[in-house]
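Novice: Starting off with a structure, shown below.
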Ligand SMILES: *Cc1c(COP(=O)(O)O)cnc(C)c1O
C-alpha cells in the first residue's frame, strides 16, 4: 500500500466529508436510550430538524440507509396492487421503481433519457388520463444522484393540483436535503425521504421520512405489510423522546451538531453556496471542452455534476488515475452510464478551495488519461469563484 499524506478528497456525491466537530460529537459516551438525557436529546432533535425539511409536521428518524426510508414511504401509505407513477430519471429512480414492484405495487414507469428530470407536463398528462384515480402515489427523485439532474418539485405539485388528482406525492431528497432548496409543507409533499450521509454531512446510517397530514391519513388504511418501518409506534414513542427499539445514539449526537452547523450558516446561505460551487464546476467542464450530462438549464444539480466522456475514453480509467495519483475519489457512472460519465460531488462540508483542489485534480487526471481537453477549465472555475 502506498503511504498517504494530507487528507483524502472524498468527492463522491455521498457519503460526503464529515466535519471534525461532527466526528467529535459522535465520540461522546453512548447513554441509556430510555433515560431522561436521551429523551431530552430526541425532543430537541425532532424540533431542530423541521426547518431543514421545511415542515411543521412529524419527521420519523430510522437507523437505516436511505433505502430503508424509501421502503418506509411506500409501505406506510400504500396497499397491495396500488398503482404508483414513477419516472425514469436515472439509476436511483429505477431502483425505487424496482422496490415498488417487489413490494407488490403496480408501477407506471415513464421512460426517460437520464439527462432530464421529471417533466411536470407529463405528470399532468398521466394524471389527467387516470380518470378512475387508480394512481395512488407519484414518486419523484428530487436530485437524481446518478445524473446530476434536479427535478422541479414545486412545478410538479402545481401539475398535480391542476389535474385535480388526489394521488400522494412522495419525494426522494436523499442527495438534496440540506444542499438544494426544498420545502415539504409549501410544496405539498406527502412523504419526503432523506438520508444522513449526503447534504447533512453525517456518516451513513440514519434516514428520514417527513410526513404530511394526508400521508398520516393514508397510513390508517394502507395494507402493505410492515413492522419495523411502521410510522405509528415511532411517532407514538417520539412524543416522550424515545424510540420503540434501540436508536443509533451516537449518530443522533452527530445529527444535533450537523443541524447546528446548518442553522448557524443559514439554510439560504447553504443553498447559495452549493449553487455557486455547482456553477463554478460547470464552468470548468465547459472550459475543458467537455459536456455536462444534465441537458436542461433549469435542472442543474447544486450537489453534484456528472461529466460526459468523449467517445473512446473510459471514465473509470480517469477515476482510477485520479485516485492513484491524487488520493481523490470521484463518483462512478451508475447503471447504463457506467464508464461513460464520472460524477464530481460538491455538497456538504465544502468550500471554495476544496472545490479548487477538486477541479485541479480532475483536470490533471483528464490530462494524464490522455483525454483531449483545454487546460482553461480550472481557470474558468476560479474566475467564477473569484467574481462572486
Ligand atoms: C444515495 C441515494 C439513495 C440510496 O441511499 P442509501 O443510503 O445508499 O440506501 C437513494 N436515492 C438517492 C437520490 C440517493 O442519492
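In my numbering, the protein residues as written are -11 to 376.
Every residue, glycine too, gets a C-beta built ideally from N, C-alpha and C.
1) So, is residue 167 buried or exposed, given that buried needs 16 or more other C-beta atoms within 10 angstroms?
2) Answer yes or no: do residue 293 and residue 18 have a C-beta to C-beta separation smaller than 8 Å?
3) Residues in the same chain with beta-carbon distance under 6 Å from residue 331, minus the five sequence neighbours each way, listed in chain order, please.
4) Please report the Cβ distance between residue 95 and residue 103, rounded to the nearest whole angstrom; I am assuming they are in contact, meaning their Cβ atoms lie under 8 Å.
5) DSSP on residue 375, reduced to helix/strand/coil?
6) Given that a residue counts as buried once 16 or more other Cβ atoms are within 10 Å of its Cβ, and exposed if not, what is residue 284?
7) Which residue wins for smallest C-alpha separation from residue 6, given the options 186, 356, 256?
8) Let me know the beta strand (DSSP E) ranges lying completely inside the segment 271 to 332, each 3 residues or longer, listed in chain order.
9) With a cut-off of 8 Å, do at least 3 Cβ pairs link the segment 103 to 119 to the segment 131 to 144?
10) What residues in its chain sit with their C-beta under 7 Å from that of residue 303, if we drop five residues either side in the sequence?
11) Can you name, in chain order, every residue of its own chain whose Cβ lies under 6 Å from the Cβ of residue 74, other than the five neighbours on each side?
12) Please name the residue in 48, 279, 309 whose C-alpha comes closest to that of residue 240.
13) Since residue 163 contacts residue 133 with CB under 8 Å, what's their CB separation in whole angstroms?
14) Between residue 280 and residue 270, is the Cβ-Cβ spacing less than 8 Å?
15) Measure the Cβ-Cβ separation of residue 245 and residue -1 and say whether it is below 8 Å.
16) Regarding residue 349 and ligand 1, is the C-beta to nearest heavy atom distance less than 7 Å?
17) What number of angstroms, rounded off, separates the C-alpha of residue 213 from the C-alpha of residue 63?
18) Under a three-way DSSP split, which group does residue 5 fall into?
19) Just to confirm the assignment: which complete beta strand (DSSP E) runs, minimum length 3, are found wholly within the segment 133 to 167?
20) Cα separation between residue 363 and residue 300?
21) Cβ of residue 69 versus every heavy atom of ligand 1: is any distance shorter than 7 Å?
22) What are the boundary residues of the alpha helix (DSSP H) that includes residue 243?
23) Given the structure, does residue 186 come close to ligand 1, in the sense that its CB is under 7 Å from one of the ligand's heavy atoms?
24) In angstroms with no decimal places, state the Cα-to-Cα distance between residue 260 and residue 124.
25) Please list the terminal residues of the continuous beta strand (DSSP E) segment that includes residue 125.
26) Could you check if residue 162 belongs to the surroundings of ligand 1, using beta carbon to heavy atom distance under 7 Å?
27) CB of residue 75 to nearest heavy atom of ligand 1: below 7 Å?
28) With DSSP as the reference, identify every bridge partner of residue -1, one or two as the case may be.
29) If we count the other Cβ atoms within 10 Å of its Cβ and call it buried at 16 or more, is residue 3 buried or exposed?
30) On the DSSP bridge assignment, give the partners of residue 71 in chain order.
31) Assuming residue 235 and residue 21 form a contact by the criterion Cβ under 8 Å, report the distance between their Cβ atoms to the nearest whole angstrom.
32) Look at the Cβ atom of residue 378, then the Cβ atom of residue 262, and state whether they are nearer than 8 Å.
33) Under a three-way DSSP split, which group does residue 64 fall into?
34) So, are the CB atoms of residue 115 and residue 153 less than 8 Å apart?
Specialist: So, from the data block:
1) Residue 167 counts as buried, since at least 16 other C-beta atoms from the protein chains shown sit within 10 angstroms of its C-beta.
2) Going by beta carbons, residue 293 and residue 18 fall outside the 8 Å limit.
3) Counting only Cβ-Cβ distances below 6 Å, and skipping sequence neighbours, we find 1, 292, 294, 319.
4) About 22 Å; that fails the 8 Å criterion.
5) The answer is helix: DSSP assigns residue 375 an H, G or I state.
6) Classification for residue 284: exposed.
7) Measuring from the Cα of residue 6, the nearest candidate turns out to be 186.
8) Within the segment 271 to 332, the beta strand (DSSP E) runs of at least 3 residues that lie entirely inside it are, in chain order, 292 to 296, 316 to 320.
9) By the Cβ test, the segment 103 to 119 is in contact with the segment 131 to 144, since at least three Cβ pairs between them sit closer than 8 Å.
10) Correct list, in chain order: 297, 321, 327, 328, 329, 330.
11) Exclusion of the five residues before and after residue 74 leaves 85, 95, 97, 127 as the residues of its chain whose Cβ lies within less than 6 Å of its Cβ.
12) Checking every option, the nearest Cα to that of residue 240 belongs to 48.
13) Yes, residue 163 and residue 133 are in contact; Cβ-Cβ is about 4 Å, under 8 Å.
14) Going by C-beta atoms, residue 280 is nearer than 8 Å to residue 270.
15) Taking 8 Å as the cut-off, the beta carbon of residue 245 is found no closer than this to the beta carbon of residue -1.
16) Taking 7 Å as the cut-off, one finds no heavy atom of ligand 1 near enough to the beta carbon of residue 349.
17) Taking the Cα positions, residue 213 is about 7 Å away from residue 63.
18) In the structure shown, residue 5 sits in coil (DSSP, three-state: anything other than H, G, I, E or B).
19) As far as the segment 133 to 167 is concerned, its whole beta strand (DSSP E) runs of at least 3 residues are 156 to 160.
20) Residue 363 and residue 300: Cα-Cα distance of roughly 20 Å.
21) No, ligand 1 has no heavy atom inside 7 Å of this Cβ.
22) Bounds of the alpha helix (DSSP H) holding residue 243 are 237 to 253.
23) Indeed, a heavy atom of ligand 1 lies less than 7 Å from the Cβ.
24) Residue 124 has its alpha-carbon roughly 35 Å from the corresponding atom of residue 260.
25) Going by DSSP, residue 125 is part of the beta strand (DSSP E) stretching over 123 to 129.
26) When distances are taken from the beta-carbon of residue 162 to the heavy atoms of ligand 1, the shortest one is below 7 Å.
27) If you check the C-beta of residue 75 against ligand 1, you find no heavy atom less than 7 Å away.
28) Its beta-bridge partners are 318.
29) Buried.
30) In DSSP, residue 71 forms a bridge with 94, 123.
31) With a Cβ gap of about 6 Å, residue 235 and residue 21 count as contacting.
32) Not covered by the structure: residue 378. The range shown for the chain is -11 to 376.
33) Helix, per DSSP.
34) A contact, by the Cβ cut-off of 8 Å.
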